[in-house]
Structures are given as C-alpha cells and as structure tokens.
Amino acid sequence: MAKEMTLSFHSPVQDDHERRLMQGELEERKLAFKNDEELMRETTKFVTDVIETAAAEANKRKQQEQV
C-alpha cells in the first residue's frame, strides 16, 4: 500500500505579505496588493478584458440602433 506524502514550505515573508493582504488596515492592504506583481498583472489583464468587452458590446448596440 502506497502512502501519499505532502511537503509544504511556508515563507515567513510570504506569510507576512498574505497577512497584510487579508487582515491589514485598508491602506496597508492596498499597498501590499500594489506591490504584488502577479496580482497586479492578473488584475490589469482582467480590467483590460472587461473594457474591451464593454467597448465591443457598445459598438454592437450602436450598429443595431442604426439599422
């Protein structure tokens, strides 16, 4: 019978960063979020997608109204 083993590592720096993101005061949370390159990259991608989708929908509706 094979046993499954998991190994995990928790970085004190990462734990502090996550704590600030989740539990800190608002300004502290905003700063932690802005300093996280991966979160900023994903957020920028999401916002860009939303803006592009909204623009495409607006153009589609404008064309439908002109018909």
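The sequence shown runs 0 to 66 under numbering that gives the first Met the number 0. Think of the CB as a built atom: it goes at the ideal place given N, C-alpha and C, for glycine as much as any other residue.
Item                                                                                                                                               : Value
Along the chain, where does the alpha helix (DSSP H) that runs through residue 44 open and close?                                                  : 36 to 65
Beta-carbon within less than 6 Å of residue 50's beta-carbon, same chain only, minus the 5 sequence neighbours each way: which residues are those? : none
Can residue 19 and residue 31 be called in contact, C-beta distance under 8 Å?                                                                     : yes
Taking only the alpha-carbon atoms, compute the straight-line gap between residue 21 and residue 47 and give it to the nearest angstrom.           : 25 Å
On the three-state DSSP scale, how would you describe residue 2?                                                                                   : coil
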